[in-house]
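Colleague: Residue numbers 30 to 120, in my numbering, belong to the letters of the sequence shown in order.
Ideal Cβ positions, reconstructed from N, Cα and C, are used throughout, including at glycine.
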Amino acid sequence: MRQCKCGGIIKQNELTMQRESWHCESCGKYEIHSQNDQFVEHYAKLATQPGWIDYVRHQVREMEKHPMFNGLGKAVAQRIKELNVSCDIQS
Ligand SMILES: [Zn+2]
C-alpha cells in the first residue's frame, strides 16, 4: 500500500503495455512508470490539440507495427482520458 503526499491512498490503474499508472483516491494525482512514456505523453498531448487526432492515429498505428510499441494506441487512449479528467478539474 502506498500513500500520497496528501495522505490519500494510491491505487494502481489498469496496466497497459509496460505502463503502470497510479492515482490517488483523494486528490487525483497521477503517477506513471513506463519506458515508452515519453511517446504516450507526446501523442496524448498532441491528440488533444484541435486537428491533430488523425495524425496521431496514423503515427501510433505505424509505431505499433514494431513489437516494442505493441499497445501504444491503448496507452495513448488511456492517457487522453486522463488529460481530459485533469482539464475538467482546471476549468
Ligand atoms: Zn493525493
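Please confirm whether any heavy atom of ligand 1 lies closer than 7 Å to the CB of Ser-50.
Modeller: Working through the sequence shown from its first residue, we reach residue 50 at position 21. Not so, every heavy atom of ligand 1 lies at least 7 Å from the Cβ.
Colleague: Taking contact to mean at least 3 C-beta pairs separated by less than 8 Å, is the stretch 100-115 in contact with the stretch 63-77?
Modeller: Result yes; three or more Cβ-Cβ pairs closer than 8 Å.
Colleague: Does the distance between the C-beta of Lys-58 and the nearest non-hydrogen atom of ligand 1 fall short of 7 Å?
Modeller: In the sequence shown, the residue the question calls residue 58 occupies position 29. Yes; taking the cut-off as 7 Å, the Cβ of Lys-58 has a heavy atom of ligand 1 nearer than that.
Colleague: With respect to 7 Å, is the separation between the Cβ of Lys-40 and the closest non-hydrogen atom of ligand 1 below this value?
Modeller: Counted from its first residue, the sequence shown places residue 40 at position 11. No, the Cβ of Lys-40 stays beyond 7 Å of every heavy atom of ligand 1.
Colleague: Mapping DSSP to helix, strand and coil, what is Gln-78?
Modeller: As a first step, residue 78 must be located in the sequence shown, where it is residue number 49. In the structure shown, Gln-78 sits in coil (DSSP, three-state: anything other than H, G, I, E or B).
Colleague: So, are the CB atoms of Val-89 and Leu-75 less than 8 Å apart?
Modeller: Translated into the one-based positions of the sequence shown, residue 89 becomes position 60. Translated into the one-based positions of the sequence shown, residue 75 becomes position 46. Against a cut-off of 8 Å, the Cβ pair of Leu-75 and Val-89 comes out as no contact.
Colleague: Using only CA atoms, which one of Tyr-72, Phe-98, Cys-56, Gly-80 lies nearest to Lys-110?
Modeller: The sequence position of residue 110 within the sequence shown is 81, counting from 1. Nearest of Tyr-72, Phe-98, Cys-56, Gly-80 to Lys-110, Cα basis: Tyr-72.
Colleague: On the three-state DSSP scale, how would you describe His-71?
Modeller: Residue numbering aside, residue 71 sits at position 42 when the sequence shown is read from its first letter. His-71: helix per DSSP, three-state reduction.
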